[in-house]
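**Q** Handing you a structure now.
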Amino acid sequence: MNGADISWMLISTALVLLMTPALAFFYGGLVRSKNALNTMMMSVVSLGFVGLAWAALGYSLAFSPGGAISGGLAHVLLRGVDLAASPNAATIPHLLFMAFQATFAIITAALISGAIVERMRFSAYLLFITLWSLLVYAPVAHCVWGGGFLGKMGALDFAGGTVVHINAGMAALVAAFLLGPRKDFARQATLPHNVPFALLGAGLLWFGWFGFNGGSALAANASAALAFGNTFLAPMGTLVVWTLLDLKRGGKATAVGAATAIVVGLVAVTPAAGFVSPVLAVVLGAAAAFPSYFAILYRVRTRLDDSLDVVAAHGLGGTVGALLTGVFAQKAWNGTADGLLFGNPRQLLVQLIAVLATLVFSGIGTFVLLKLVNLLVPFKVSLKDQGLGLDVSQHGEEAYGSGEGAILILPAASHAAPGPAPAPRSAIEGGRP
Amino acid sequence: MKLVVAIVRPEKLNDVLAALYHAEVTGLSITRVQGHGGEMDRVETYRGTTVKMELSEKVRLDIGVSEPFVDPTVRAILASARTGEVGDGKIFVVPVEKIYRIRTGEEDKAAVTPVAAPLETR
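So, in structure tokens, the structure goes:
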């Protein structure tokens, strides 16, 4: 055990946890005001439901000794997850390793919600992400990081290009396809209601991502510093290229574009963070802007209502990052493996296999799971409730209530007791004969 | 000349505007209003405080039209704003004494006739 490592991992875990509320703001700002709370809640509840599912079962399926696809049941209900050194990271306590990994499961499940906002029944969503974290996320995490076949094959994924972003991106694609478009999709403009929220979310995501990538070194060492530096630099490349593309296309640099660019850059550098040199990380970040930028332009002309472009940002950004890791990886920096550019073309092939395996597993797993969820709880909200907005129909709250016309409903008992004056009847009613 | 005042559901506004456009009614103003027409109450809860929302968000359209356009305007709104549920809104047709277009000083029918021929853009 090592005090420096422990303190860095404590900080990193808190940083990654912050990314989920940050995602709530990023997504929440991009939807219409009548669905703002519902969209933000989709991220917030993951903290509870996926977090507990992870502690109860997911962590064991991902990180206890097992087979090629899935771990075993050795750590179910946190059995053996104590303050002794973690089997997966010898210099920090096992409990800390479990908590750090839990934050990844939480945000990965929440990422999917961007594809199905403004139309999914909330109870069905809860069921879906909880099961998804156990049946899709945990096995993929095991395959890459927990001793499964992709990790053994030598696939490089520093902080979750495949496990988190390609996995969530593919699940988002399947979910958007199965749920179908929103009532108003392609019929009227569904504009962001609070772009400053989206910028706030993107900024906080970047901040948290230093823990996401830097913490994935699992120690306070040079590898963490490399991942940190690359997380610092790569999104800058993406942001500059994206802004220039915006300027070239419409003559105006957009704020929603800037927020998206930061996220795309962070996604792309995630698998590469501790494996490539800082200069190549900038190149990687800059290159990642192109496919995502044009995919978003193309997507709005299709019938796929991936409402907040999870597929373009995370699926595509993660794929570009994972593949370019196989090109740009440099042993002089990472001490592990070279990529195509440094004389090891095989690494690119391994990366490609890891990407395809994740796409297939996540695609099939998500499809089956969503079909099952729909049988238990119909997952689509009625057209009428979509019109009313999911804040009121699913949560009985409004993000920006005016407070006018609201009449207090007092509990029956309080009428007898001396207390505040009876609630005034509304002015409207007063005007009636 | 009439002033057509319509109170409709906000989520139906887009459909209403499209229908009016097809009826070649191009000049209108909208206002976000709150109102109550006997629809079922919405109940919301904040930290244990339960409230009944008596007023619902509505959109009010004010459309000044010449006589031949009164009927098409009303029919376009009736067809496009209806869901069949309580709370679809009302249409009031009000007589108008005088209309002026501020830019030119034109009066009455000339003031509510669009400058560009409406068919030009279609």
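Sequences listed follow chains V and B, in order.
Each residue of the first sequence is one higher than the one before, counting from 69 in this note's numbering.
Each residue of the second sequence is one higher than the one before, counting from 614 in this note's numbering.
All C-beta atoms, glycine included, are put in the ideal place defined by N, C-alpha and C.
These figures come from a predicted structure and were not determined experimentally.
Over what stretch of residues does the alpha helix (DSSP H) that includes Gly318/V continue unbroken?
**A** Gly318/V -> alpha helix (DSSP H) spans 290-318.
**Q** Give the range of the beta strand (DSSP E) segment to which Tyr659/B is assigned.
**A** From DSSP, the beta strand (DSSP E) with Tyr659/B extends over 655-659.
**Q** Does Gly498/V have its Cβ less than 8 Å from a Cβ in chain B?
**A** Note that Gly498/V scores a pLDDT of 41, beneath 50, so its modelled location is shaky and nothing firm can be said.
**Q** Between the segment 388-405 of chain V and the segment 225-239 of chain V, do at least 3 Cβ pairs fall closer than 8 Å?
**A** Short answer: they touch.
**Q** Counting only Cβ-Cβ distances shorter than 9 Å, please list the residues of the segment 651-678 of chain B near chain V, keeping chain order.
**A** Residues Asp654, Arg655, Val656, Glu657, Thr658, Tyr659, Thr662, Thr663, Val664, Lys665, Met666, Glu667, Leu668, Ser669, Glu670.
**Q** Once DSSP output is grouped into helix, strand and coil, what is the label at Pro161/V?
**A** Reduced to three states, the DSSP call for Pro161/V is strand.
**Q** Which residues in chain B have a C-beta closer than 8 Å to the C-beta of Ile466/V? List them in chain order.
**A** The amino acid at residue 466/V is misidentified as Ile; the sequence shows Glu. Here the neighbours are Glu657.
**Q** Counting only beta-carbon atoms, is Glu624/B nearer than 8 Å to chain V?
**A** Cβ-Cβ to chain V under 8 Å: yes for Glu624/B.
**Q** Bridge partners for Asp150/V per DSSP, in chain order?
**A** Answer is none; Asp150/V lacks a bridge partner.
**Q** So what's Lys665/B in DSSP terms, helix, strand or just coil?
**A** In the structure shown, Lys665/B sits in a strand (DSSP, three-state: E or B).
**Q** Please state if the CB of Glu466/V and the CB of Glu657/B are separated by a distance shorter than 8 Å.
**A** For Glu657/B and Glu466/V, yes; Cβs fall inside 8 Å.
**Q** When you compare the CB positions of Gly182/V and Ser461/V, do they come within less than 8 Å of one another, or not?
**A** No, these two residues do not count as a Cβ contact at 8 Å.
**Q** By a C-beta neighbour count over all protein chains shown, 10 Å radius and 16 as the cutoff for buried, is Ala489/V buried or exposed?
**A** With a pLDDT of 46 at Ala489/V, under the threshold of 50, the modelled position of that residue is not reliable, and the figure given next carries that caveat. Label assigned to Ala489/V: exposed.
**Q** As an exercise, report each continuous alpha helix (DSSP H) stretch of at least 4 residues that is fully enclosed by the segment 175-240 of chain V, in chain order.
**A** The qualifying runs are 190-200, 206-212, 217-221.
**Q** Does His261/V pass the burial test, meaning 16 or more other C-beta atoms within 10 Å, or should it be called exposed?
**A** His261/V is buried by the Cβ-count criterion.
**Q** Closer than 9 Å by beta-carbon distance: list the chain B residues that pair up with Leu455/V, in chain order.
**A** For clarity, residue 455/V is Gly in the given sequence; the question names Leu instead. By Cβ distance, chain B contributes Arg622, Pro623, Glu624, Lys625, Thr696.
**Q** Cα separation between Lys439/V and Gly697/B?
**A** Their Cα atoms are separated by approximately 32 Å.
**Q** Could you check whether the Cβ of Val460/V sits closer than 8 Å to any Cβ belonging to chain B?
**A** Closer than 8 Å to some Cβ of chain B, the Cβ of Val460/V qualifies, so yes.
**Q** Whose CA, out of Phe165/V, Phe343/V, Tyr95/V, lies closest to the CA of Ala123/V?
**A** Nearest C-alpha to Ala123/V: Phe165/V.
**Q** Hey, Ile160/V and Thr88/V: beta-carbon distance below 8 Å or not?
**A** For Ile160/V and Thr88/V, no; Cβs fall outside 8 Å.
**Q** Cα separation between Leu384/V and Tyr366/V?
**A** Their backbone Cα atoms lie some 13 Å apart in a straight line.
**Q** Comparing the C-beta of Gly96/V with each C-beta of chain B, is any distance below 8 Å?
**A** Not closer than 8 Å to any Cβ of chain B, the Cβ of Gly96/V fails to qualify, so no.
**Q** How far does the beta strand (DSSP E) with Lys452/V in it reach, from first residue to last?
**A** That residue, Lys452/V, is in no beta strand (DSSP E); its alpha helix (DSSP H) goes 451-456.
**Q** Give the DSSP-derived three-state secondary structure of Val436/V in the structure shown.
**A** DSSP places Val436/V in helix when its eight states are reduced to three.
**Q** Is the segment 296-311 of chain V close to the segment 327-344 of chain V, with three or more CB pairs under 8 Å?
**A** The segment 296-311 of chain V, when compared against the segment 327-344 of chain V, does touch it at the 8 Å Cβ threshold.
**Q** For Leu476/V, which residues in chain B fall below 9 Å Cβ to Cβ?
**A** Within 9 Å Cβ-Cβ: Thr662, Thr663, Val664, Lys665.
**Q** Under 8 Å, with one C-beta from each stretch per pair, do the segment 398-408 of chain V and the segment 265-278 of chain V reach the 3-pair mark?
**A** These segments do not touch.
**Q** Following the continuous alpha helix (DSSP H) through Ser101/V, name the residue where it begins and the one where it ends.
**A** Segment: none, Ser101/V is in no alpha helix (DSSP H) and carries neither H nor E.
**Q** Between Glu186/V and chain B, is the shortest Cβ-Cβ distance under 8 Å, so that the two count as touching?
**A** Output row for Glu186/V: interface = no.
**Q** Is the Cβ of Gly116/V closer than 8 Å to any Cβ of chain B?
**A** No, its Cβ sits nowhere closer than 8 Å to a Cβ of chain B.
**Q** Here's the rule: buried if 16 or more other CB atoms are within 10 angstroms of the residue's CB, otherwise exposed. What is Ser75/V?
**A** It counts as exposed.
**Q** When DSSP labels each residue in this structure, what does Arg673/B get in the three-state scheme?
**A** Reduced to three states, the DSSP call for Arg673/B is strand.
**Q** How long is the line joining the alpha carbons of Ala755/B and Gln256/V, rounded to whole angstroms?
**A** Coverage of chain B is limited to positions 614 through 735, which leaves residue 755/B absent and any answer about it impossible.
**Q** Based on Cα-Cα distance, which residue from Ile475/V, Gly469/V, Lys452/V, Pro264/V lies nearest to Arg189/V?
**A** Taking only the C-alpha atoms, the option nearest Arg189/V is Lys452/V.
**Q** On the three-state DSSP scale, how would you describe Asp721/B?
**A** Asp721/B falls in the helix class under three-state DSSP.
**Q** Is the shortest distance between the beta-carbon of Thr404/V and the beta-carbons of chain D less than 8 Å?
**A** Absent from the structure is chain D; the protein chains it does hold are V and B.
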